[in-house]
Each structure stands twice: as C-alpha cells, then as structure tokens.
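Trainee: This structure is in structure tokens; I'll ask about it shortly.
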Amino acid sequence: MATILSGKNILLGVTGSIACYKAADLASKLTQEGANVTAILTSAATKFITPLTFQSVTGKRAYTDEDLWGSEGHVQHVGLGHQTDLLVIAPASANTIAKLAHGLCDNLLTLASLTATSPILIAPAMDSGMYTHPATQANVEILKQRGVYIAGPAIGRMASGLSGYGRMLETTEILGHIRLLLGRQDGKLKGKRLVVTAGGTSEPIDAVRTITNRSSGKQGFAIAQAAIDQGAEVTLISGTTNLITPVGAARIDVNTAQEMLTAVLEAVRDADALIMAAAVADYRPETAVEQKLSKDEGIPTIHLTLTADILAAVAHLRAHSGYPKVVVGFAAESHDLIERARQKLIRKKLDLIIANDITAADAGFGTDTNRVTIIDPSGNVQVFPLMTKEEVANLILQKLIPLLEAAP
Ligand code: CTP
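In the numbering used here, the protein residues as written are 77 to 484.
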C-alpha cells in the first residue's frame, strides 16, 4: 500500500546516545513504509551502533566520517544534503544540537545538515539536566526559530537510571511526527480542516454500567491518520477506544451521543469536511441512575429513548451556515446494504456514504480489515474488495479531495 512515506528519500542522522538502538528501529520502520533511508552516523554514534546495522535494515549504504575523508569526500555531504525530502536526526545529542544551532560543520552529518535544502526534524535524546540546561534550551530555540521541527523529548526513565525530561520519543511517535511534517509539505489536504468521529458512544445505565457497542474506533483513527498524512488539520472526536491518538490530531474524548453531538456541532462550525465514522448509540436509558443498581432492588426495567441524530443536526447547521462544506457518513448494515445505505445518504443529506456489511467476519467492528461500498448522491455505487482499514481510509480521502475542490 502506498503511504505518505512511499518513495520518500530520508536522510537519517544518528548521533551519540544510548537511544541509537531506537534509530535502527526507526530506520527499519521507515523502510517498511517504503521510504529510502540513508543513515549518517557520527563518530560518537558508532560507539553505540554500527553502520552495518543500518545497512542491514535499510538495504542502503550507511555513511560515517570515514566517508567524509574518502575519495568522494568533497562532494559527499552536498549530495546527501540535496537528494533528500527530509532530514531526520534521531537521536540528536546536545552536542549536535549545539553545532546545528551555530552552523558548525566538523563531521559528515553537520556538513550535510548545513547543505540540506529539505525540512529538518530532530528528536533530542540526552540527560534531563543537559536538556533543560539554558545553553541547550537556547540552542533548541534558535533551531525552532529557523524552522527546524523538534519532536520531543519525552519525560521518562533515562540511561542514568534517573527519570526526567530528555528521553527520546518512541519510534512510532517519531514516525507520527515525520508523517505530520511530510503531509504539511506536500499533502493534498494542506490547509483543510477535517473533523473525524470514531469509536462507539457509551450511554450510562447507572454508576457503573453502560450501553455501548463493539466499535473499535480503528476505521475512524485510520481516517484521521490518513488525513494528517495529506496535511489536513484534524479534530478527532472519539468515543470509547484505547487507540493511540495520531500525532497532530486534536483529540476530543466523549462518552455519550449527546456529548458527541455537542462536540461535533462545535468543531464543524468552520470545518471543510466531517467524516462521521463513529458508531453512535441510537437509544439511551431515559434516566441514568446515579448510584449502582443493586440486585436487592430486583431486575430493573430500563426505558430507552432516542438519541439525537448527529448527522441530521449537522445537515440543519449546514443548511444555514454552509459548514461543513462536505459531509461523509457511514452505514453499518446487516441486510439490504445498498438500499439502506442509499436511503441514509438521502435522509442525512450526505455527499458520500461508506456502507459496510457488519455480518462479514473480516469486515466491520473490531477487525483490521474492511469491505466497503461507496455510494454518492448521483446513485453511483462502487463495491470494493477486502482492504485494510488504512487502505479504506486512503480510498475515502481520495474520494473526498475532489469534493472539497469542488466545494464553494
Ligand atoms: N449517526 C449519527 N447520529 C446517530 C446515529 C448515527 O450521526 N444518532 C451517524 C453514524 O455515525 C453514521 C450514520 O449516521 O455515519 C449512519 O449510522 P447507522 O448506525 O448506520 O444508521 P442509523 O442512523 O443509526 O440508522 P439505523 O438504526 O436505521 O441503521
């Protein structure tokens, strides 16, 4: 599957830190995502890890300072700095950060950094005292002012055994920051504001019990990530799920359908698009008991009442304000898929509906794959084969982009 990283040339600078082992994992994951990764190790980095490690996971030559003084040395750094879409320095030591801030270039990595025409992302890794030292803070500030993207560091346990601010971000987080940065550069949804809902709502019965559904939130979260990959500003309104927030998404957690309604209406006021992937409860207990119901009180009778239809409320808002410009809904069906989805498309005034048959074992709630049918207001019906939820997310965005381009 093509991702934002497919075919991207990434120069990975690795400096002296115990976090070098995470850099090998990062190089591996970037390569698996289709990026061409060229590593440059500083001399200090080679004390922790070897170029062979990077060559093995990237399939490409990794460079050290020996190459700087080799036969091609005089042009090596310029070539490396120019042929890249993104320069990532992870881990970035206090020493390298200081050199970059002041334009020093006494090794292949700092030389390549000075010649780089691409954006630069650095992931600091050092002892807490070193990171919070005014000298390092001033250097980081200089780099930020110059447009360098600083990812992390995090608070956590460090090599010294102490806990503090300076631990390099985990590989998946750095990957998230890389995707965010690449999307902002050349994504097709740059400058667009998208609201995505995900997961199931949860309607309280009493102090401990709720009525919820089996939605995992995976499809909505995948859509949020795919939109960030395309440079969109994403608000992710999430029901119950334990998924990790995509880096760059502004996440709002809600429990009930009513809370989701309030959050959606607020978020879409100036949004370009709403993608309503959440599984919203259609009914809720009329009254939620404040205490925990006890068996001593006998078997309770729970009276249900309808929740508000969020998409209907959005259609009403849109009719008055023109926002959101495009609305995409989902239809989870167990029978008469196309006909029921078509009716929902019309009833909820949608620009697109993504229908899925939740009775299929490999699609719908909780799975990593989905099998969708996409229907538009002109009656076009497109049936797609089994795909990963990430592929479905990209497909939905592919359909959304022209709709947004055509929107007033
Ligand atoms: N939806 C909504 N508000 C609700 C219920 C659903 O906005 N109270 C949205 C869902 O997020 C989805 C679309 O409406 O995008 C269709 O949801 P679905 O559960 O398939 O349909 P319902 O409207 O609940 O209709 P039915 O119960 O007849 O299937």
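Yeah, the Cβ is synthetic: ideal placement off N, Cα and C, and Gly gets one too.
If you compare alpha carbons, which of Pro200, Gly179, Met202, Asn215 is closest to Leu190?
Mentor: Within the sequence shown, residue 190 is the residue found at index 114, counting from 1. Checking every option, the nearest Cα to that of Leu190 belongs to Gly179.
Trainee: Among residues of its own chain, excluding the 5 on either side of Arg222, which ones have a beta-carbon nearer than 7 Å to its beta-carbon?
Mentor: As a position in the sequence shown, residue 222 is number 146, starting the count at 1. Cβ neighbours of Arg222 beyond the five flanking positions: none.
Trainee: Near Leu256, what residues of its chain come up, given a Cβ to Cβ distance below 8 Å and the 5 sequence neighbours on each side ignored?
Mentor: Within the sequence shown, residue 256 is the residue found at index 180, counting from 1. If we look at Leu256 and ignore the five residues flanking it on each side, its Cβ neighbours are Ile304, Val323, Gly324.
Trainee: In its own chain, which residues sit with a C-beta less than 7 Å from the C-beta of Leu176, not counting the 5 before and 5 after it?
Mentor: The residue you call residue 176 lines up with position 100 of the sequence shown. Contacts found: Thr186, Ser189, Leu219.
Trainee: Can you find the residues in the same chain that come closer than 7 Å, C-beta to C-beta, to Met336, ignoring five residues on each side of it along the sequence?
Mentor: Numbered from 1 along the sequence shown, position 260 holds the residue referred to as residue 336. Result list for Met336: Thr273, Thr277, Ile313, Gly315, Val330, Ala354, Val356, Ile386, in chain order.
Trainee: From Arg447 to Asp372, what distance separates their C-alpha atoms?
Mentor: Indexing the sequence shown from 1 puts residue 447 at position 371. Indexing the sequence shown from 1 puts residue 372 at position 296. Spanning the two alpha carbons is a distance of roughly 46 Å.
Trainee: Below 8 Å, can you find three or more Cβ-Cβ pairs linking the stretch 154–165 to the stretch 117–127?
Mentor: Segments in contact, no.
Trainee: Measuring CB atoms only, is the stretch 82–100 touching the stretch 161–172, in the sense that at least three cross pairs come out at less than 8 Å?
Mentor: Because the criterion of three Cβ pairs below 8 Å is met, the stretch 82–100 and the stretch 161–172 touch.
Trainee: Identify the residues that DSSP records as bridge partners of Gly491: which are they?
Mentor: Nothing can be reported for residue 491: it is not among the residues displayed for the chain, which extend from 77 to 484.
Trainee: Counting only runs that start and end within the stretch 145–213, where is the alpha helix (DSSP H) found for 4 or more residues in a row?
Mentor: Complete alpha helix (DSSP H) runs here, min 4: 149–158, 170–178, 184–191, 204–208.
Trainee: Grouping DSSP H, G and I as helix and E and B as strand, with all else coil, what is Asp346?
Mentor: As a working note, residue 346 is residue 270 in the sequence shown. Asp346 falls in the helix class under three-state DSSP.
Trainee: Is it right to say Ile451 is buried, meaning 16 or more other beta carbons lie within 10 angstroms of its own, or is it exposed?
Mentor: As a position in the sequence shown, residue 451 is number 375, starting the count at 1. It is buried - the Cβ of Ile451 has at least 16 other Cβ atoms within 10 Å.
Trainee: Can you give me the C-alpha to C-alpha distance between Glu362 and His379, rounded to a whole angstrom?
Mentor: By one-based count along the sequence shown, residue 362 stands at place 286. By one-based count along the sequence shown, residue 379 stands at place 303. The alpha-carbon atoms of Glu362 and His379 are separated by roughly 6 Å.
Trainee: Any heavy atom of the ligand CTP closer than 7 Å to the Cβ of Thr405?
Mentor: Against the sequence shown, residue 405 aligns to sequence position 329. Reading off the sequence shown, one finds Gly at residue 405, where the question assumed Thr. Under cutoff, so the answer is yes.
Trainee: Could you tell me if Ile478 is buried or exposed, where buried requires 16 or more neighbouring beta carbons within 10 angstroms of its beta carbon?
Mentor: Within the sequence shown, the letter at position 402 stands for residue 478. It is Pro, not Ile, that sits at residue 478 in the sequence shown. Result: exposed.
Trainee: Rounded to the nearest angstrom, how far is the Cβ of Thr134 from that of Ala115, given a contact under 8 Å?
Mentor: Indexing the sequence shown from 1 puts residue 134 at position 58. Indexing the sequence shown from 1 puts residue 115 at position 39. About 7 Å separates the two Cβ atoms, so the contact holds.
Trainee: Express the C-alpha separation of Arg137 and Ile173 in angstroms, rounding to a whole number.
Mentor: For the purposes of this step, residue 173 is taken as residue 97 along the sequence shown, with counting starting at 1. For the purposes of this step, residue 137 is taken as residue 61 along the sequence shown, with counting starting at 1. So the two alpha carbons sit approximately 25 Å from each other.
Trainee: Closer than 8 Å is the cut-off here; do at least three beta carbon pairs connect the stretch 208–215 with the stretch 252–271?
Mentor: Touching, no, given that fewer than three Cβ pairs across the two stretches are closer than 8 Å.
Trainee: When the Cα atoms are used, what is the spatial distance from Val340 to Phe297?
Mentor: Start at 1 with the first residue of the sequence shown, and residue 340 comes out as number 264. Start at 1 with the first residue of the sequence shown, and residue 297 comes out as number 221. So the alpha carbons of these two residues sit roughly 16 Å apart.
Trainee: Going by DSSP in three states, Gln458 sits in which element: helix, strand or coil?
Mentor: Taking the first residue of the sequence shown as position 1, residue 458 is located at position 382. Three-state DSSP puts Gln458 in a strand.
Trainee: Whole angstroms are fine: how far does the CA of Val310 sit from the CA of Ile320?
Mentor: Within the sequence shown, residue 320 is the residue found at index 244, counting from 1. Within the sequence shown, residue 310 is the residue found at index 234, counting from 1. Distance between the alpha carbons of Ile320 and Val310: 15 Å.
Trainee: With Arg233 as the anchor, note down where its beta strand (DSSP E) starts and where it stops.
Mentor: Numbered from 1 along the sequence shown, position 157 holds the residue referred to as residue 233. It spans 230–233 - the beta strand (DSSP E) in which Arg233 sits, taken as one unbroken run.
Trainee: Which residues does DSSP pair with Met352 in a beta bridge?
Mentor: To locate residue 352, count along the sequence shown from 1; it is residue 276. Paired residue(s): Thr273, Gly405.
Trainee: Take Ala436 as the anchor and find which of Arg260, Leu462, Ala391 has the nearest alpha-carbon.
Mentor: Here the question's residue 436 lines up with position 360 in the sequence shown. Of the candidates Arg260, Leu462, Ala391, the one whose C-alpha sits nearest the C-alpha of Ala436 is Leu462.
Trainee: With C-beta atoms as the reference, is Gly307 less than 8 Å away from Leu238?
Mentor: Counted from its first residue, the sequence shown places residue 307 at position 231. Counted from its first residue, the sequence shown places residue 238 at position 162. Not a contact, by the Cβ cut-off of 8 Å.
Trainee: Could you tell me which residues DSSP puts in a beta bridge with Tyr225?
Mentor: Numbered from its first residue, the sequence shown carries residue 225 at position 149. Paired residues: Leu197.
Trainee: At a cut-off of 7 Å, is Asp385 close to the ligand CTP when judged by its beta-carbon and the heavy atoms of the ligand?
Mentor: As a first step, residue 385 must be located in the sequence shown, where it is residue number 309. Within the cutoff, so yes.
Trainee: Could you name the residues that DSSP lists as bridge partners for Tyr241?
Mentor: Numbered from 1 along the sequence shown, position 165 holds the residue referred to as residue 241. In DSSP, Tyr241 forms a bridge with Ile231.
Trainee: Any idea what DSSP makes of Met336, helix, strand or coil?
Mentor: If you number the sequence shown from 1, residue 336 lands on position 260. In the structure shown, Met336 sits in a helix (DSSP, three-state: H, G or I).
Trainee: Along the chain, where does the alpha helix (DSSP H) containing Leu265 start, and where does it finish?
Mentor: In the sequence shown, counting from the first residue as 1, residue 265 sits at position 189. Run containing Leu265: none; DSSP gives neither H nor E here.
Trainee: Please indicate yes or no: does the CB of Ala121 lie closer than 7 Å to some heavy atom of the ligand CTP?
Mentor: Counting from 1 along the sequence shown, the entry for residue 121 is found at position 45. For the ligand CTP, not one heavy atom lies less than 7 Å from the Cβ of Ala121.
Trainee: Using three-state DSSP, classify Glu279 as helix, strand or coil.
Mentor: On the sequence shown, position 203 is the one that residue 279 refers to. Of the three classes helix, strand and coil, the one that applies to Glu279 here is strand, per DSSP.
Trainee: Could you check where the beta strand (DSSP E) with Asp433 kicks off and where it finishes?
Mentor: As a working note, residue 433 is residue 357 in the sequence shown. Its beta strand (DSSP E) spans residues 428–433.
Trainee: Which residue marks the beginning of the alpha helix (DSSP H) containing Glu466, and which one marks its end?
Mentor: Your numbering for residue 466 matches position 390 in the sequence shown. First-last of the alpha helix (DSSP H) with Glu466: 465–482.
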